[in-house]
Each structure stands twice: as structure tokens, then as C-alpha cells.
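Notes follow the structure.
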Amino acid sequence: MEDISRNKNTYIFGEYQLSSLTEQLSRSDEHIKLEPQLFNLLLLLVSHAGEIVDRQQIQDDVWAGRPVSDEAIRVAIKKLRDVFDDDAKAPTYIKTIPRKGYRWLAIVSIKNDTGDNNEAATPILSQKMLLPALGISALSVILLIFWSSIFPNAQNSNSSSENQAKVNVETLTSLPGSEIYADYHSATNKLAFLHRDTRNSPQQLYVKDLNSGLIQRLSWDKANYSDANWSQDGKRLAFNRLIDNRQSTHIAEFDPLGNVSQLVTLDNPNLTDKFILDWTYDQTGLLLGEARTPGKQHSIYQYLISSDRLSTVSTPNVTGHGDYFAKQSNDGLRIAILRDVGDQQVSLLVFEMATGNMLVNKVLPFRASKLAWQDNDKAIILSSFYGQSIRYIISTDFFGKYPTLPPNTLDIFNSCGERCYVLRQHNGNYLDIQETPLSALFKDDNNNENSLILDSGRLLKFSGAQDFPRYLMNYKPHADLTEQQLVYASQTNNTLLFKKFGEDNQVSTFGKLDVTDQLSALDVSPNTQKIAGVSGGRLFVIRTDASETKPRFLTSALERVTNPVWHADSRSVYLTSTAENTPSIILFNTLTRERETVITGFAAFRPCFGAPESAIGVDTQGMAWTLANVDGKWVKQRQLITIASDNPNRWQIISDTLYFSKIQGRESQLCRYSLDPESEQQEPECASTGQNRFRLNFDVHPSQKKVLLVESLSAQSDIIKMNW
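Position 543 of the sequence shown, counting from 1, maps to 935 under this note's numbering, and the rest follow consecutively.
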């Protein structure tokens, strides 16, 4: 790594100048005041532009070798980002490289004491790496990430003006109820979309001619329709249909008047667990994803209609769930894929269709749910259900956030021009918390579906979206099992608020979090005084008796952790940390930040309350095991069952029962399984908790009489077009 001399040099990037001689940062004729430590940190990053600067190098150069905490470095980096108004999630200047360090992204020119002005060369990554089909070996991925991290490309000089551009919004659909999904065909100016009247109504298929304003309803049965995609010429529409948990794939052909002239059912049995992502460019086939299965790496598939042949397009080799979304470029030369690589990270990959060459492999700052190619194929638009969006510009290898989306918008379905998106907008009120008696879910011999069930259950309806409910219970011997307090997270505008529902039925706020730092898990300490959560891969803690405080982050941004579960002492938290593709359970002391390894090879861990030498672990395949502490070492005892998620808000142990949530077709379910070795139960007992629920977090009361569920509302939502 070539060192750039830091003596008597002025570093120029954009409109900024950084002088090592005068120790000043300036923009045009304006001097920007920096404290000495921040100046030295900025100089270190800028003078090593494009390289990863690790923690040790920062400690040596900025803190003169004195010990420094990860938090102190993080705070200093945040202060620098504030100077440049830089977004940590879509950075222009400083990028965090997880578990490695930080990298300066902007192109830097150097003016030395001789007056020469030499722009640093930017090597370009070769795109001639031929891969067999689109399968990627682990070594290839590692090499690609290595080279792309060393040689970043230029930033987009138009980012500032585009972010400040005025956004115009046009409502394309406004039916009562909820529009869920859409696909826009620009040549015909037609919109295919899915709509349901209420949460429990089936999703029906519609087409709107945006020239005339005419809306046609195509489906009229009790099935749920999904994944409608126009062919390139706009004459055919492919879609999935689900009824009685059986999925089928169909293609509708339209006459010149817009009426359905032919309906084809694709009878290949291998398509029953696949869903439509896109048409192939030549319109001879479909690109397909597959339903998620615990412990399986998923691929993208191509189905050729005339030959009835299904083939694999991608074969990921990662610790995560693999590939889940894909779109071909408009010219058919490339394919973009979203890949869950593990450790709560998603990558964007772009391949050349003819050769299989990998052109792009970029870790995204958030979990994208959709991608769309810009009409001219110069950029890829990525978005999430939570309103996050960025645009990847291919020629400059740069991520930009253009522009800021309007409130409560999500899932960009299509590009409708160079500065035009088709996306969804809702009213912001789409999740509530429902307390349900377990007797209403699980029927025994004396309690069938026709029996009278009368029991109370609270419905917490507030503005915004409520999620991650937890009973606020003091887990001590002889604890009061009538305790009814609870905590939950509530999203309002751009803030996630942590709230407590008290004994007096009053709601108070005790913490808040920037909504861009997506919350992935939440747990309450046994003494009820604190909550622990993971946001952006980092552990944080908030006291429940606080008042709208920001979380105290305890782990570094250089390390990603998951699945927090409190230890019985209310001081330490069990976490999952992954190194070299192998997860380990660690016990992290929130007071001293000391840690110790508990067991390796498991993705989640939960001790059994009242039995400190027993625990349940979930391995990387989703299999639950009983574990025992033998001579200070945790070992496997008994294999149980496969559960749908290792997230601690999706599974729980109460007494000798394992509870977990899953989804079957459109139906969400709560399941229970006896941990008693003498039990004859072979399969879990599962009960429906409703249709079309997409958030499956829950908490069973220690009395096992009630459960807190997240209710998905049929929020009023429309399909909109925005341009700027």
C-alpha cells in the first residue's frame, strides 16, 4: 500500500481543501474549524484515500498509540461525517468496512510544495473474470470483494443537486383498501397491480390503462394473486395464484382492446415453490425465485415456456439464505441479483448474461426488498419495505441517494424515466399489537372451533406502526404472573420510539432510534430495568425508566452481532457473532464489555429459566437442540425440530414448551412443541394467527394464558409515480 506523504501537501476533494501545512480544512474561501484530533483523523483517511484504515492505524496515528475504545473512534468518525453532511448508510466520503476499518471514498488530488497538481490514479477492476454459469466459489467472492475494496471508483458530482431536487407525486391508483404490488409497462403506459379490500381479503389482480384511466379487474375468486409481471412487449402478463396453500403459475394474453384472449397454466410440478421475478429478455421464459426454507441456500431459476424446462441461473455459496430477487437489464445483456450473504448483510451482484462474468459485487447499506433497472440501464435502483432507497450508478461504481423519498413510501417497483419511479405509498398506520388468549388459538378436546371462548385480550391501536412486543415481567421465583405491563417499538415518521404500556394503561416513551438504523431484535432484561436490541448489526441497551433517550451502543460498527438474549443476571447478553463463516454464541457483559465464547456452530441460544445448566440452541440449518452445561462446556443433548427463524422475537421457551412462529402460504401460525423427553409429541402443534400478517414477532406471557401478536393492518395504500 503506497503511502502518500503528509508533509506540506494540500489534499483537494470536490470543493474542499485540506492543508497539512496550515492544518486547516477549507471550502472555497471558508475555513472549517476542526479540533486537532479530528483534523489528524481526517488527514489520515484522506492521505490513504481508497485504502482501508484499520483501528490500530487510527490508534497509532491519531491517538499516538494510546489505548482508545471503539466507541471513541466511532464518535470521532460521526463528527467528521457531520462536517461533510455525509450519510453513513449511503456514504459519499467515509465508508465503514465491517470488522476492518474505514475507507475514504472521494477522489483526492494532491498539491505539493512544488505546486504540482497530481490526481491519484484510480485502478479499474477487470471485468473478465469468467465464471462457470453464474456459480461463484467462495474464493472468487473473497477475491472480488478484496479487489473492489482496494480500488473504489469515483463519486457522482451531481449528488448534491439531485438530493435537493423538488419531488412531484402523482397518484396512479386510489381504490379503497390496499394496493400491494405493481408492475408498470412504459411502452403501453399500463399498470398491473394487486389490491385487497381488507387485511383478510384475498389479493386480486387489476390492470389500469394510464392513458384512459380505465381500471379492469381480472380475478374474481378467493385465491391470492401475486408477482404479476408484464412481458417486454406488454401483450402478456405472468402471475402466481395461491389457494388452499397450493401455488400455481399462469400467463394471461391480451387482445388489442385489453381483454384477456388466452390463459395458460404452467403445469410443471417444480414451479409450485417458485415465484415470478421477471420475464427473460427474449420473452421465451421467466426468471423465478424460490420460497424460503430454513437452512437452505436459495437460487435464481430460469423457466423456458416452450420446452417446459427449469434450469438454475445462480448457485450462491454463502452463509446466508442466498439469492431472493433478480431482474434482467432492459437490453437483456446483464442480470442484477440480491443475495443474502449472511451476518444480516445483503449484496448486489451484476453478471453478464452471455459469459457469466461478474461485473459488480457490492454490500448494501440496508436489506433491499426490490431492485429495478433505470430505463437506460445506467443505474440500478434499490429499495426496502421500510422506505430506504439508493441508486447504484454503474459507470462510476457509486451509490447515491437520489432523491429522498416522500413520507411513507416504499418498494420502488419500476423506473419510468431517468428521474421517475413507480412505487407504493401508505398512510403509515399498518401495524398494531393484539393480545390474544392462547385458548382462542389452541383447541383442546373440550374446546373445539364451535365452543364458546370468552377471555380478555388487549388491542393496542396507536398511530404509526407497533412491533417487537415484550411483556415487562420480573423473572424471579414466585413472580407475579398477573403482571400486564409491556414494551414495544413504534415507528412514527423517521423515528423508532421505544414505549412502555404501564399498569395505569398509560403509554410512556423511554427511548428513540433513527429509523434508518433498522431494528432486528429486542429483549427485556429479567429485572425489567433495561432492554437490549440490535440495530444495524450493533448491540444497544436502553433503560426502561429513561425518558426518550438515545440507545447506548456497546459493540463496534466493525463487528456485526445478532440475536440478543439476556442472561439471568440482567448484566450480560447472549449474542451471535460470526467469524470466517462460522457463528459463535458469546456472552457479552454490558457493564464491562468483556466477552466470552459460549458455544460455536449455533445461530441462536436461549437459557432455560430456572434451569441454568440447560439451554436451547438453534443451529445454522434452523434445527433446535437441547443443550447442557457439562463441566463448564455447553454440549448438544437432543435434537428437537426445525423452526422457521432463529430471531429471538420469533421463538421462545416457557416452562417445558418451545413456541415459534412461521408462515404457511398466506397464513401466519404460532406453533408449540413439548420439551418433555417423555412426551410422545412428534410434530409441533400449530394454530393460525391470521391471514396476510407479514410481521411474526410475538411474546407468550409466562402464565401461558396469553400471547402478544403483531397485527398487520390493511393500511390505505396506493401506487404512485414520483419524478424530480
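For every residue, glycine included, the Cβ atom is placed at its ideal position computed from N, Cα and C.
Just so we're clear, the structure is a prediction, and the values are computed from it rather than from any experiment.
- The Cβ-Cβ distance between S964 and N981 falls below 7 Å.
- Secondary structure remark: continuous beta strand (DSSP E) runs of at least 3 residues inside the stretch 656-691, in chain order: 666-671, 677-682.
- Going by DSSP, I729 is part of the beta strand (DSSP E) stretching over 726-734.
- In the three-state reduction of the DSSP assignment, L979 falls in the strand class, which pools E and B.
- When the five nearest sequence neighbours on each side are left out, the beta carbons in the same chain lying within less than 6 Å of the beta carbon of L426 are those of L417, in order along the chain.
- Here V957 really is in contact with F997; their C-beta atoms are around 7 Å apart, less than 8 Å.
- Beta-bridge analysis with DSSP links H818 to S1109.
- Under the three-state reduction of DSSP output, K942 falls in the coil class, being neither helix nor strand.
- I1046 carries a strand assignment under DSSP once its states are collapsed to helix, strand and coil.
- In this structure, G687 sits near Q1013, with a CB-CB distance shorter than 7 Å.
- Taking the Cα positions, L1019 is about 15 Å away from T1034.
- A contact between stretches requires three or more CB pairs, one per stretch, nearer than 8 Å, and the stretch 935-949 fails this requirement with the stretch 691-700.
- In the DSSP assignment, T563 forms a beta bridge with I1112.
- If you ignore the 5 residues before and after S703, its C-beta comes within less than 6 Å of the C-beta of Q694, all in its own chain and listed in chain order.
- G779 sits close to L797, with the two beta carbons spaced by under 7 Å.
- In this structure, R930 and T947 form a Cβ contact; the two beta carbons are roughly 5 Å apart against a cut-off of 8 Å.
- The residue among N660, D659, L678, D674 with its C-alpha nearest the C-alpha of I668 is L678.
- Boundaries of the alpha helix (DSSP H) around E463: 462-475.
- Sorting K627, T641, D659, D803 by C-alpha distance to the C-alpha of H577 places K627 at the top.
- Counting other Cβ atoms within 10 Å of its Cβ, H818 reaches 16 or more and is therefore classed as buried.
- Distance from the CA of Y863 to the CA of T1081, rounded to the nearest whole angstrom, comes to 19 Å.
- Contact between I1111 and R816 holds, since their C-beta atoms are separated by about 6 Å, short of 8 Å.
- P861 sits buried, since 16 or more C-beta atoms from the chains shown fall within 10 Å of its C-beta.
- Put simply, the backbone Cα of L852 is about 12 Å away from that of N821.
- Taking each of T920, Q596, D647, Y966 in turn and checking the Cα distance to N632, the smallest one comes out for Q596.
- Cβ neighbours of K922 within its own chain (closer than 6 Å, five residues either side excluded): V933, R935.
- Looking at the DSSP output, M745 sits in no beta bridge, so it has no partner there.
- Cα atoms of S927 and V475: separation of roughly 24 Å, rounded to the nearest angstrom.
- Secondary structure at Q1056: strand, using DSSP grouped into helix, strand and coil.
- Beyond the five residues adjoining it in sequence on each side, G734 comes within less than 6 Å, by CB distance, of V710, T711, G712 in the same chain, given in chain order.
- Counting along the chain, Q449 sits inside the alpha helix (DSSP H) bounded by residues 447-454.
- For K487, the CB contacts under 6 Å within the same chain, skipping 5 residues up- and downstream, are R495, L497 in chain order.
- By DSSP's assignment, C1078 forms a beta bridge with C1063.
- About 11 Å separates the CB atoms of V742 and L730; that is not less than 8 Å, and the two are not in contact.
- Straight-line spacing of the CA atoms in A728 and V1027 works out to 42 Å.
- As a beta-bridge residue in DSSP terms, D1091 pairs with L1100.
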